[in-house]
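Protein sequence lines correspond, in order, to chains A and B.
So the first sequence is numbered by this note's numbering: it starts at 93 and just counts up by one.
So the second sequence is numbered by this note's numbering: it starts at -13 and just counts up by one.
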Amino acid sequence: QKEVEQNSGPLSVPEGAIASLNCTYSDRGSQSFFWYRQYSGKSPELIMSIYSNGDKEDGRFTAQLNKASQYVSLLIRDSQPSDSATYLCAAGPRDSSYKLIFGSGTRLLVRP
Amino acid sequence: IAGITQAPTSQILAAGRRMTLRCTQDMRHNAMYWYRQDLGLGLRLIHYSNTAGTTGKGEVPDGYSVSRANTDDFPLTLASAVPSQTSVYFCASSDSGEDTGELFFGEGSRLTVL
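So, in structure tokens, the structure goes:
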């Protein structure tokens, strides 16, 4: 069974620190990877997508992909209390890019 | 406001009753999805449609049906609700091609089956 694994947390970091969120996936054929942010009681929203090995930066967010290790991470620099949310990692299988597999999410708490 | 509209936002339903959750998008996306979210289990795909007129099964399709008569609408029907279908249901849409996976979600429908 294809799986995406995340530590449920909570991950607690002080304001201004770097938050590092990690995710592993079991399907070696996965081609696309996504990070979604979900505030409590709200719907998920896409914050990063990554398709190639290496780093991808967008503002304070950096996604990192290592296909050999089947590992995806999200770094949040200068963390703010408003970043406190659950972060969902998702992987797109090669056999059907429509069938994203989501992890159960990591809860991030940024302490003022 | 462009986006995805789901209805109802919340519903309490007796077991055995039929229920349809409605979803409409105005972004002209080809693909649409229904997910359920349960505590500790994350988002699980119920059904999807990659274009109007076609649908496919996701990870947890049993007890649910969908139709895609046009681009904008993608209703989810529970023919005979059971308590295990108590969940938060999210409709989502995306472009096709390499942007598939970049999902836009509706606000969710919280369903309680008693």
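Glycine included, each C-beta is placed from N, C-alpha and C at the ideal position.
This one's a predicted model, so the numbers in the text were calculated from it and none came from an experiment.
Three or more beta-carbon pairs drawn from the region 28 to 41 of chain B and the region 4 to 19 of chain B are found closer than 8 angstroms, and the two stretches are therefore classed as touching. Out of ALA155/A, ALA183/A, PRO102/A, the CA that lies nearest to the CA of ARG203/A is found in PRO102/A.
Taking the Cα positions, THR98/B is about 14 angstroms away from LEU25/B. CA-CA distance, GLU45/B to ASP175/A, rounds to 30 angstroms.
Fully contained in the region 15 to 48 of chain B are the following beta strand (DSSP E) runs of length 3 or more, in chain order: 17 to 24, 28 to 37, 40 to 43. Counting every other CB atom within 10 Å of its CB across the protein chains shown gives GLY94/B a total of 16 or more, marking it as buried.
DSSP places PRO102/A outside both helix and strand once states are collapsed to three, so it counts as coil.
Against chain A, the CB of PHE76/B has a partner CB under 7 angstroms away; the residue lies at that interface. For LEU29/B, at least one C-beta of chain A is nearer than 7 angstroms to its own C-beta.
GLY(-11)/B is positioned such that its CB atom lies no closer than 7 angstroms to that of SER66/B. VAL68/B counts as exposed, since fewer than 16 other beta carbons sit within 10 angstroms of its beta carbon. Scanning its chain for C-beta atoms nearer than 6 angstroms, with the 5 sequence neighbours on each side dropped, one finds around TYR163/A the residues THR116, in chain order. If you draw a straight line from the Cα of ASP147/A to the Cα of PHE153/A, it is about 10 angstroms long. Excluding residues up to 5 positions away in sequence, THR(-9), ASP58, ASP59 lie with their Cβ nearer than 6 angstroms to the Cβ of THR10/B in the same chain. Contact annotation: PHE90/B and TYR21/B have beta-carbon atoms that are not nearer than 7 angstroms.
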